[in-house]
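For the sequence shown, counting from 1, position 307 maps to 307 in full-length UniProt numbering; every step adds exactly one. The structure under discussion appears below in the form of structure tokens.
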Amino acid sequence: MNLALIIKTSLALLAFAGNSVLCRLALEKGAIDPSSFTAVRLLSGAVTLILIVVFLRLSSAREHNKVNVEGSSSSNSGNTHSISFKNSDWISGLSLFVYAAGFSFAYITLPAGTGALILFAAVQITMLGMALVTGTRFSALQWLGFILAIVGLVYLFLPGISAPPIIGSLIMMIAGIAWGVYSIKGKKVHLPTLATTENFVRSLPFCIVLMLLSMNMLELSTYGIALAIASGAITSGIGYAIWYAVLPNLKSASAATLQLTVPVIATIGGIIWLEEQLSLRLILSSCAILGGVAMVVLSSQENKKAT
1 MNLALIIKTS LALLAFAGNS VLCRLALEKG AIDPSSFTAV RLLSGAVTLI
51 LIVVFLRLSS AREHNKVNVE GSSSSNSGNT HSISFKNSDW ISGLSLFVYA
101 AGFSFAYITL PAGTGALILF AAVQITMLGM ALVTGTRFSA LQWLGFILAI
151 VGLVYLFLPG ISAPPIIGSL IMMIAGIAWG VYSIKGKKVH LPTLATTENF
201 VRSLPFCIVL MLLSMNMLEL STYGIALAIA SGAITSGIGY AIWYAVLPNL
251 KSASAATLQL TVPVIATIGG IIWLEEQLSL RLILSSCAIL GGVAMVVLSS
301 QENKKAT
């Protein structure tokens with residue numbers, strides 16, 4: 001892995017973790033309400049991704065002007081950077097909205113690291129569960145890892161002084177399931193940056209409905225809006241674009257394993273910028289969840305090599 005790839009991958013992972021810290025920063029002191037944070041985040045993300053797609057389209061056009069190619073070939077290449085809404089669907093747009101809204105509402109009460117861990121666990125369990133339902137066979141080691149991850153999540157929720165708020169945790173789990181569905185559908189996409197852009201745009205009508213339902217609870221400030229824009233434009237829009245750019249250069253196991261670091265980075269960010277406390281319960285549950293998922297992912301890759 002060369003230096004440029006390491007830097008880009010690190011930036012993408014920091015962006016993913018940054019979403020948790022930015023959202024918690026905005027909501028912790030009431031700088032913005034969760035509905036507005038969701039809407040501003042998705043709108044700014046959509047605008048940023050549209051600009052990225054336009055930039056890619058212009059860059060592609062310039063490249064084709066430098067070489068002598070047939071007109072039909074140039075046209076087909078240009079279509080890879082054209083927003084046509086053929087690369088997305090309303091289920092993906094709704095899933096993205098449910099994830100973003102649940103993410104925002106959950107962080108009213110959840111610490112950044114705990115929220116990121118619950119989200120990650122729900123996403124992975126959803127995707128692994130779907131794999132089982134659709135006929136994927138787990139080895140004994142994969143079953144052990146899957147069960148270990150679930151046990152870690154259950155342990156996190158056990159009653160006690162350091163247990164996370166149950167309502168916020170349940171909302172974050174719903175957000176994680178929605179993101180899991182979004183990720184499963186995204187596996188079939190051939191143009192991920194374009195599909196992500198279209199799905200962000202498709203999520204906006206749902207944001208309008210949410211804002212109308214929350215009219216009596218809206219709370220806005222310049223600081224809160226700035227954090228929501230940063231979350232949408234930088235840690236979501238640009239972060240996703242960077243991730244999809246480096247993904248072809250990463251092995252599947254490497255990509256999945258690298259994502260295990262996101263809850264850890266979010267926890268560190270919460271300690272530094274939000275002065276959150278690191279509990280023994282969070283450490284143990286993190287080890288169980290992240291270790292369990294790593295066992296499933298790495299064992300899966302070993303099985304593929306063996307066959």
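Ideal Cβ positions, reconstructed from N, Cα and C, are used throughout, including at glycine.
Buried versus exposed call for residue i [16 or more other C-beta atoms within 10 Å across all chains shown]
i: Gly160; result: exposed
i: Ser73; result: Only weak support is given to the placement of Ser73: the predicted model assigns it a pLDDT of 49, under 50, and the value that follows is read from those uncertain coordinates. Ser73 is exposed by the Cβ-count criterion.
i: Pro248; result: exposed
i: Arg202; result: buried
i: Leu117; result: buried
i: Phe97; result: buried
i: Arg62; result: exposed
i: Thr134; result: exposed
i: Glu276; result: buried
i: Thr9; result: buried
i: Ala21; result: Correcting the residue type first, residue 21 is Val in the shown sequence and not Ala. With 16 or more Cβ atoms within 10 Å of its Cβ, Val21 is classed as buried.
i: Leu3; result: exposed
i: Ser75; result: Because the pLDDT of Ser75 is 49, which lies under 50, any placement of that residue in the model is unreliable, and the number read from its coordinates should be weighed accordingly. With fewer than 16 Cβ atoms within 10 Å of its Cβ, Ser75 is classed as exposed.
i: Leu158; result: exposed
i: Asn68; result: With a pLDDT of 49 at Asn68, under the threshold of 50, the modelled position of this residue cannot be trusted; read the value that follows with caution. Exposed, because fewer than 16 other Cβ atoms sit within 10 Å of the Cβ of Asn68.
Spatial neighbours of residue i in its chain, beta-carbon cut-off 8 Å, leaving aside the 5 residues before and after
i: Leu43; result: Leu204, Cys207, Gly232
i: Met217; result: Asp33, Ser35
i: Ile50; result: Ile83, Thr197, Val201
i: Phe138; result: Leu132, Phe146, Val296
Cβ pair residue i, residue j closer than 8 Å
i: Ala39; j: Gly224; result: no
i: Leu194; j: Val53; result: yes
i: Asn87; j: Glu198; result: yes
i: Ala294; j: Thr261; result: no
i: Gly237; j: Ala178; result: no
i: Leu213; j: Leu25; result: no
i: Gly270; j: Pro111; result: yes
i: Ala122; j: Gly176; result: yes
i: Leu290; j: Thr114; result: no
i: Arg57; j: Ser84; result: no
i: Trp273; j: Ala12; result: no
i: Thr222; j: Gly180; result: no
i: Val246; j: Leu14; result: no
i: Phe146; j: Val296; result: yes
i: Ser299; j: Gln124; result: no
i: Tyr99; j: Tyr182; result: yes
i: Val151; j: Ala288; result: yes
i: Gly292; j: Leu148; result: yes
i: Met130; j: Ile91; result: no
Cutoff 6 Å; reference residue i; Cβ partners in own chain excluding five residues on either side
i: Phe105; result: Pro34, Ile171
i: Leu156; result: Ser285
i: Leu250; result: none
i: Thr48; result: Ala233, Gly237
i: Pro192; result: Tyr244
i: residue 394; result: This structure cannot settle anything about residue 394, because the visible part of the chain is limited to 1 through 307.
Expected contact under 8 Å - CB spacing of residue i and residue j to nearest Å
i: Ala17; j: Ala255; result: In fact, because the Cβ distance is near 16 Å, the residues do not count as touching under 8 Å.
i: Trp279; j: Ser162; result: One point to set straight first is that residue 279 is Ser, not Trp, in the sequence displayed. Between Ser162 and Ser279 the Cβ distance is about 4 Å, and since that is below 8 Å, they are a contact.
i: Thr235; j: Gly168; result: Going by Cβ atoms, the distance from Thr235 to Gly168 rounds to 20 Å, so no, they are not a contact pair.
Contacting residues, own chain, Cβ-Cβ under 7 Å from residue i (five flanking each side not counted)
i: Val189; result: Asn87, Ala195
i: Arg23; result: What sits at residue 23 in the sequence shown is Cys, not Arg. So the list reads Phe37, Phe103, Ser104, Tyr107, Ser231, once near-sequence residues are dropped.
i: Met173; result: Ile118, Ala122
i: Ile268; result: none
i: Leu144; result: Met295
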